[in-house]
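When you line the sequence shown up against full-length UniProt numbering, it's residues 1 to 353, in that order. Okay, structure first, notes after.
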Amino acid sequence: YMLFEYDAEGLLTGYDQYDYDSEQTDKINASYERTLKRSEGKITDEEKWFEIDGSSYEGMPLPNSGEYTKEYRLNTSGLVSSYTDPDGASQTFTYNADGTLARLEYRNPSYPDENSTSTLTWQDGNIVSISTIDGRDNETTTFSYTEHLNPWNGIDIGAFMIGDAEESAMLLGISGTTVKNLPASCQDGNSTTTYTYTFDAEGRVSTIVTEVNWQDGGGSGSERTEYTLHYGPQTVSKPDYIPYLTKQEVVDEGTLPYTFSEDNPDEKWYGVNAYTSYAKIRSTMSDGRTSEKTEYRQININPSTQEGPVLGYLYITQDEADNFRLVSTSFNEIPLGENEITPHVSSIRWNIT
């Protein structure tokens, strides 16, 4: 859930977000704190996070935490014109004369294939479509609306539906005029999202239920999320604690033999005998929960390094491990002239305390 904080003028100044383990819904396993600082011509968004992942182990992980800051540049109307994150990716916002958001441009110098441009089409005060062009394809998302008016100005309910927009800008109310009505549905390719609402005695939205249904070549599925809104003074208390890792131990380990040949990018064939090591890891959290995860590590055959094989990660099912069936492997090709390279053949065992 999220807790919002406002100043005396009713402007959003920050919010805290808490996430639950999908299999332990009564436990908090991550928290995110954001502080918004307003100054002339810009807003600084500072985020701090703390995460526990109780079901995925790469090596022997500890709780993860960090900080992240980005700055929104505002135009003369007080609307966000652009922002750049610490990694160098940027987003530019363009508006229509009536203050509605017209265009979003995302640019990432490190990953140009992720560059995209989204164009928004409005009708009767609502966004009816968003067309996005990126380095891979063109997509159009369409929306329909209920007869209920959108009661929010600072926090845009559109943040629930416009996945291509920047979430914080939506929450801040600095990304243009909000939609006039509460959304009813969103159609995005093979995915359809519907929105339903309940209202309190004063006519305010008290719950929002989103249901996503999708279908593709691999099958179909659905996901339902319910949001409960609280108004006035804080009515939801912060969690007393976040579970943290207290103990982690290896309860079983060994190696599995594989024999395989793989076609590398230069169409040369290597016959390689290698091993995949495994370790069953038991973890205990501060709330008394325990879980076990078997991790498989595969040698990444690197035929040209003096240091020898490089460890990589491979996650497979127990049936695949029991049947010693190859799942995947990879080669890193490093030029060493015209001489044929003999791949390394190695096995790995390790102890983790």
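Idealized CB from N, CA, C, for every residue including glycine.
Check                                                                                                                                                                                                     : Outcome
To which residues does DSSP link residue 181 through a beta bridge?                                                                                                                                       : 149
If you follow the beta strand (DSSP E) that residue 113 is part of, which residue opens it and which one closes it?                                                                                       : That residue, residue 113, is in no beta strand (DSSP E); it is neither H nor E in DSSP.
Quick one: using the 10 Å Cβ neighbour count with 16 as the cut-off for buried, is residue 252 buried or exposed?                                                                                         : exposed
Which same chain residues end up closer than 7 angstroms to residue 96 when comparing Cβ atoms and leaving out the 5 residues on each side of it in sequence?                                             : 102
Quick test of your reading: residue 178 and residue 195, contact by CB under 8 angstroms. State the CB separation rounded to the nearest angstrom.                                                        : No, residue 178 and residue 195 are not in contact; Cβ-Cβ is about 15 angstroms, not under 8 angstroms.
Could you tell me the distance, in whole angstroms, from the CA atom of residue 122 to the CA atom of residue 39?                                                                                         : 31 angstroms
On the three-state DSSP scale, how would you describe residue 76?                                                                                                                                         : coil
Determine contact between the segment 185 to 192 and the segment 132 to 145, defined as no fewer than three beta-carbon pairs at a distance below 8 angstroms.                                            : yes
With 16 as the cutoff for other CB atoms within 10 Å, does residue 183 come out buried or exposed?                                                                                                        : buried
Excluding the 5 residues flanking residue 109 on each side, which residues of the same chain have their C-beta closer than 8 angstroms to its C-beta?                                                     : 88, 89
Whole angstroms is fine: what's the gap from residue 230's alpha carbon to residue 249's?                                                                                                                 : 42 angstroms
Can you give me the start and stop residues for the beta strand (DSSP E) that residue 219 sits inside?                                                                                                    : 219 to 228
Grab me the residues of residue 147's own chain with a C-beta within less than 8 angstroms of its C-beta, minus the 5 sequence neighbours each way, in chain order.                                       : 181
Helix, strand or coil: how does DSSP classify residue 22 here?                                                                                                                                            : Only weak support exists for where residue 22 lies, its pLDDT of 47 falling under 50; the coordinates are left without a value.
Give, in chain order, every unbroken run of the beta strand (DSSP E) that is at least 3 residues long and sits entirely within the segment 82 to 146.                                                     : 90 to 95, 101 to 107, 116 to 123, 126 to 134
Since residue 120 contacts residue 130 with CB under 8 angstroms, what's their CB separation in whole angstroms?                                                                                          : 5 angstroms
Using CA coordinates, which residue listed in 225, 74, 202, 104 is at the minimum distance from residue 213?                                                                                              : 225
For residue 6, which of helix, strand or coil comes out of DSSP?                                                                                                                                          : strand
If you reduce the DSSP assignment to three classes, tell me which class residue 231 lands in.                                                                                                             : coil
Is residue 120 near the ligand NAP, with its Cβ less than 8 angstroms from a heavy atom?                                                                                                                  : As far as ligands go, the structure on display features none, and thus does not contain the ligand NAP.
With DSSP run on the structure shown, which of helix, strand or coil describes residue 342?                                                                                                               : The predicted position of residue 342 is uncertain, since its pLDDT is 30 and thus under 50; no value can be drawn from it.
With burial defined as no fewer than 16 other Cβ atoms inside 10 Å of the residue's Cβ, what is the status of residue 45: buried or exposed?                                                              : buried
Strictly by DSSP, which residues pair up with residue 292?                                                                                                                                                : 282
State the beta-bridge partners of residue 249 as determined by DSSP.                                                                                                                                      : 282
Which value, in whole angstroms, describes the spacing of the CA atoms of residue 117 and residue 191?                                                                                                    : 21 angstroms
Have a look at the DSSP bridge pairing and note the partners of residue 216.                                                                                                                              : 219
In chain order, what residues of the same chain have a beta carbon less than 7 angstroms from the beta carbon of residue 198, not counting five sequence neighbours either side?                          : 206, 207
According to DSSP, residue 202 sits in a beta bridge with which residue or residues?                                                                                                                      : None, per the DSSP bridge assignment.
Classify residue 358 as buried or exposed, calling it buried when 16 or more other Cβ atoms lie within 10 Å of its own Cβ.                                                                                : Residue 358 cannot be examined here, being either before or after the span of the chain that is shown, 1 to 353.
Give the secondary structure of residue 47 by DSSP, where H, G and I count as helix, E and B as strand, and everything else as coil.                                                                      : strand
Please go through the same chain and pick out, in chain order, the residues whose beta-carbon is closer than 8 angstroms to the beta-carbon of residue 82, but skip the five residues on each side of it. : 72, 73, 90, 91, 92, 93
Using the Cα positions of residue 68 and residue 35, report the straight-line distance between them to the nearest angstrom.                                                                              : 11 angstroms
Using 10 angstroms around the beta-carbon of residue 70, count the other beta-carbons present and answer buried if the total reaches 16, otherwise exposed.                                               : buried
Verify whether the separation of the beta carbon atoms of residue 112 and residue 78 is less than 9 angstroms.                                                                                            : no
At the level of alpha carbons, what is the spacing between residue 358 and residue 76?                                                                                                                    : Since the first residue of the chain shown is 1 and the last is 353, residue 358 is not available in this structure.
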